[in-house]
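Worksheet for the structure shown next.
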Amino acid sequence: SQQGEEDPQALSIQEGENATMNCSYKTSINNLQWYRQNSGRGLVHLILIRSNEREKHSGRLRVTLDTSKKSSSLLITASRAADTASYFCATAATGGGNKLTFGTGTQLKVEL
Amino acid sequence: DTGVSQDPRHKITKRGQNVTFRCDPISEHNRLYWYRQTLGQGPEFLTYFQNEAQLEKSRLLSDRFSAERPKGSFSTLEIQRTEQGDSAMYLCASSLSGGQRVAGANVLTFGAGSRLTVL
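Just so you know, the sequences run in chain order A and B. So in the numbering used here the end of the first sequence lands on 92, straight run, no missing numbers. So in the numbering used here the end of the second sequence lands on 189, straight run, no missing numbers.
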């Protein structure tokens, strides 16, 4: 079962533009993470934000978390062609053990 | 350490056959996870181990699926009597436990996956 829903499902932008992806989830969480997956490959961790944090930055990535709305956003600034991938949010539910539950993903295409 | 290794990378089998996948996690990681992913979907949780103990198994998981981690190191995932609906990418991941006290805890490192095709 999927906990999160990403929006949009697909996004196409030009190199240099910013890309914003949103994630909504259903239960209370300990943390929320974003992962990237290049076509046909395994997932790579990007960033983790804890439930008591509201914003976090890592390089060109900015993540926000609104626990009252059960939503998060991932912003990639100054996108590059190499950012083309699928992006997934994943949540660690409070009292849900230590597994991560992944959303359905946003397919990002960055064109030259 | 070369990360999380999975073997085989690809497996084609006939319906009704048994298949086994192996995962070698990062050696320092005490947690190991199995996920399944189909095209266009996010990874779906199957089961996870802390050391050699299997702590959780998805309620949606058929009893044809079994996983082991006998010495708290590598893990195997076996699917018995495969069905066409089992065709998917099987992903293994590992992590450290430790909550906020341990840097990098609860962050999953994934292998490249084992792709299963059931004919």
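For each residue, glycine too, the CB sits at the ideal point set by N, CA and C.
Test item: CB-CB of residue i and residue j under 8 Å
i                           : j                            : result
threonine 44 of chain A     : arginine 34 of chain A       : yes
arginine 139 of chain B     : serine 145 of chain B        : yes
methionine 159 of chain B   : glutamine 87 of chain B      : no
glutamate -5 of chain A     : arginine 60 of chain A       : yes
phenylalanine 91 of chain B : serine 184 of chain B        : yes
alanine 182 of chain B      : arginine 79 of chain B       : yes
glutamine 124 of chain B    : threonine 117 of chain B     : yes
leucine 23 of chain A       : phenylalanine 119 of chain B : no
valine 188 of chain B       : glutamine 150 of chain B     : no
asparagine 32 of chain A    : alanine 72 of chain A        : no
serine 167 of chain B       : asparagine 78 of chain A     : yes
glutamate -15 of chain A    : serine 8 of chain A          : no
leucine 88 of chain A       : threonine 0 of chain A       : no
glutamate 122 of chain B    : serine 136 of chain B        : no
aspartate 46 of chain A     : valine 90 of chain A         : no
proline 113 of chain B      : leucine 186 of chain B       : no
proline -12 of chain A      : threonine 84 of chain A      : no
valine 89 of chain B        : lysine 81 of chain B         : yes
valine 177 of chain B       : leucine 28 of chain A        : yes
arginine 101 of chain B     : serine 165 of chain B        : yes
DSSP bridge partner residues for residue i (one or two, in chain order)
i                        : result
glutamine 124 of chain B : B:Phe119
arginine 196 of chain B  : Past the boundaries of the shown model lies residue 196 of chain B; chain B is included only from 71 to 189, so the question cannot be answered.
asparagine 2 of chain A  : A:Asp(-13) and A:Ser53
leucine 45 of chain A    : A:Ser52
leucine 12 of chain A    : A:Ile29 and A:Thr71
valine 74 of chain B     : None; valine 74 of chain B has no bridge partner.
arginine 92 of chain B   : B:Asp77 and B:Thr146
alanine 158 of chain B   : B:Leu186
glutamine 87 of chain A  : A:Ala(-10) and A:Ser66
lysine 36 of chain A     : A:Val43
arginine 106 of chain B  : B:Glu114 and B:Tyr160
Helix, strand or coil at residue i [DSSP, three-state]
i                        : result
glutamine -6 of chain A  : strand
aspartate 133 of chain B : coil
glutamine 150 of chain B : coil
alanine 175 of chain B   : coil
Sufficient close CB pairs (3 or more, under 8 Å) joining the segment 57 to 69 of chain A to the segment 2 to 17 of chain A: These segments touch.
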